[in-house]
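To start, the structure under review is shown below, and the notes come after it.
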Amino acid sequence: MAGNIVTNSLSAWFGEVRAIEGITVEIPANKVTALIGPSGCGKSTFLRCLNRMHELVPGARTTGEVIWDGKNIYAPDIDATEVRRGIGMVFQKPNPFPLMSIADNASAGLRLTGMRKNKAAIGEVVERSLKMAALWDEVKNKLDKPGGSLSGGQQQRLCIARALAVEPDVILMDEPCSALDPASTQKIEDTMDQLKKDFTIVIVTHNMQQAARVSDFTGFLLTQESGEPGRLVEYGTTSKIFTMPDRKETENYITGRFG
Amino acid sequence: MKDNLHSRRRNAISKAAYFLCALSAVIAMVPLILILLYVIIQGAAALNIDFLTQLPKPVGETGGGMGNAILGSLILIGIAAVTGLPVGVLAGTYLAEFRSPRLSWTVRLLADILSGVPSIIIGVFVYTLLVLTMKRFSALAGGLALAVLMLPTVARTTEEMLRMVPDSLREASLALGIPRWRTIYSIIIKSASGGIMTGVMLALARISGETAPLLFTALNSRTWPTGLDKPVASLPVQIYTYAIAPYADWHQQAWAGSLVLVLMVLILSVGSKLYFGRKMRRVR
């Protein structure tokens, strides 16, 4: 069900500025892969290249390949909308649709992508995705309340449910817990452990403990000097990266010597 | 000692500045309050059911009303809304969402210039375009003149309101694989609809009092409206006609007409602010 993603010499620009350069990596299916690195190293940009969100910024472009389940998502005959349907995203700040109810938020993708289903089917999907996002018990009695009435942590889980409802292969998470308190963070981390049975997860995080806790694989990105693009310094299983990294920079970063 | 003097001086200037600001704020409100009071005092006497429902009586006879002008105004506003709103909202959507730099810049500039064109010029323009070609004054021409007048306001308000919708909602929608047109229509315009409607209502309120563009287009009429291709009475033009006439009871009726017009504008603008403003706050 879940797909893997392979990038091939992936570079990304904002206008004339190159944000990441030559990233080649294989992200395995049904695993959690964490991307760590200091601010500005391009890890969010890399993530946004994986479902063609990067190109929404005016002047932004990419070179190289992103192979999802064997096909290059930047090939000319591939529609970005289709890519995003299969590779969902959860953002740093919870962003539920403010005028929609909790249930409508969860089913927004289904209803608005034209994957038309009848009311009962939509209700089932809403329940299933809210359960997967560990939010169902807290909201099952107020599904018609606005999404914005929930707490920050609940809103983020609603956004996860919303992303799950369209049944993607891959879920990209861009620092999903950085705006949340520890209790909400833990709920989301627990959820991720459940989700990787059905989905491939890529998470960008500032929090190294979080990367160590939730991920199976870790990539370390770094900008060597200011003005330089970010590069992938090291990639491997999380236990290896955090216990015996090959590269000095990785060791310095995870032991807190900089960043 | 010197410090003390300094701070006393600073405090005095601060107080003076505060006083000036407060005074100006009050002065800015005085005209509205005076207008309202005066129109109510003068107009209420002649305002009754007959005034709202009857046709004007011939000169010399007392009584009668401005029913046809009230209906005519509603028809003209209706034509303006039906034609001007879609174009204005779509143009604003283009400006906010499809950012082709050069064309957007040009359209925005032209919209700003158009909003500064005196309304009587718009009337002359529509006169040349429609009245001369159709060889008759008509409600249609009047309504279209009002539509042209509200177009820039609606387009720019729509643009501003759409820009206020946070980018995070656009991204949330696109990241779900929702197509762009769907994102714009179901997420962005819906989120901004409160603000857009407020702007639209204000634009309608603004044009409902316009007189000049109607003088050469809808003209005036002393009968009930009979068709969109016929001249039609409107409150502002009727008020103007009655106010400059030499009869005391016409003056009375002009005041009553003014009261109705002011109330219409107030209901449109205050009502929409209260209703749609609340909706908009939830988005931000």
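Heads up: the protein sequence lines correspond to chains F and C, in order. According to our numbering, the first sequence holds residues 1 to 259 in order. According to our numbering, the second sequence holds residues 1001 to 1284 in order. We treat Cβ as the ideally placed atom computed from N, Cα and C, and that holds for glycine.
Beta-carbon proximity check, residue i vs residue j, cutoff 8 Å
| i | j | result |
| --- | --- | --- |
| C/V1165 | C/I1188 | yes |
| F/C159 | F/N95 | yes |
| C/S1168 | F/K93 | yes |
| C/M1201 | C/L1144 | no |
| F/I102 | F/K71 | no |
| C/R1163 | C/A1243 | no |
| C/V1131 | C/F1216 | yes |
| F/V166 | C/L1174 | no |
| F/G86 | F/V170 | yes |
| F/R157 | F/A133 | yes |
| F/L195 | F/A161 | no |
| C/A1111 | C/A1155 | yes |
| C/A1233 | C/G1072 | yes |
| F/A80 | F/F97 | no |
| F/L112 | C/I1184 | no |
| F/L221 | F/C41 | yes |
| C/T1153 | C/R1108 | no |
Cutoff 8 Å: residue i Cβ touching any chain F Cβ
| i | result |
| --- | --- |
| C/P1086 | no |
| C/S1100 | no |
| C/R1182 | yes |
| C/A1175 | yes |
| C/K1190 | yes |
| C/E1159 | no |
| C/I1187 | yes |
| C/I1196 | no |
| C/E1097 | no |
| C/S1272 | no |
| C/S1014 | no |
| C/L1169 | yes |
| C/P1246 | no |
Identity of the residues DSSP links to residue i by a beta bridge
| i | result |
| --- | --- |
| F/E26 | F/V6 |
| F/A12 | F/I20 and F/T62 |
| F/T200 | F/V170 |
| C/T1153 | Bridge partners of C/T1153: none, in fact. |
| F/E127 | DSSP, once it has assigned bridges, lists no residue as partnering F/E127. |
| F/R89 | In the sequence as presented, Arg is not what sits at residue 89 of chain F; that position holds Met. Beta-bridge pairing links F/M89 to F/L172. |
| C/P1231 | Answer is none; C/P1231 lacks a bridge partner. |
| F/S101 | F/P146 |
| C/P1056 | C/G1064 |
Residue i, DSSP secondary structure in three states
| i | result |
| --- | --- |
| C/F1137 | coil |
| C/W1181 | helix |
| C/Y1038 | helix |
| C/N1068 | helix |
| F/L222 | strand |
| F/M115 | coil |
| F/N68 | It is worth fixing the name first, because residue 68 of chain F is Trp in this sequence and not Asn. In this structure, F/W68 counts as strand in the three-state DSSP scheme. |
| F/P146 | strand |
| C/F1019 | helix |
| F/F217 | strand |
| C/P1296 | Nothing in the structure corresponds to residue 1296 of chain C, since chain C is present only between 1001 and 1284. |
| F/P94 | coil |
| C/S1272 | helix |
| C/I1187 | helix |
| C/V1265 | helix |
Interface flag, residue i vs chain C, CB-CB below 8 Å
| i | result |
| --- | --- |
| F/R231 | no |
| F/R84 | yes |
| F/M208 | no |
| F/V126 | no |
| F/P98 | yes |
| F/P176 | no |
| F/L56 | yes |
| F/M1 | Low local confidence applies: a pLDDT of 49 at F/M1 is under 50, so the model's placement there is unreliable, and no value is given. |
| F/F91 | yes |
| F/T45 | no |
| F/T62 | no |
| F/L164 | no |
Continuous alpha helix (DSSP H) stretch holding residue i: start and end
| i | result |
| --- | --- |
| C/V1165 | From DSSP, C/V1165 is part of no alpha helix (DSSP H); its letter is neither H nor E. |
| F/T81 | A80 to G86 |
| C/V1126 | S1119 to V1126 |
| F/Q154 | G152 to A165 |
| F/W136 | W136 to V139 |
| F/T250 | K248 to I254 |
| C/R1108 | P1101 to G1116 |
| F/C49 | K43 to C49 |
| C/I1049 | I1049 to T1053 |
Beta strand (DSSP E) segment containing residue i, residue limits
| i | result |
| --- | --- |
| F/A34 | V32 to I36 |
| F/Y235 | G230 to T237 |
Contact test: residue i Cβ vs the ligand SAM heavy atom, cutoff 7 Å
| i | result |
| --- | --- |
| C/A1081 | The ligand SAM is absent from the structure shown, which contains no ligands of any kind. |
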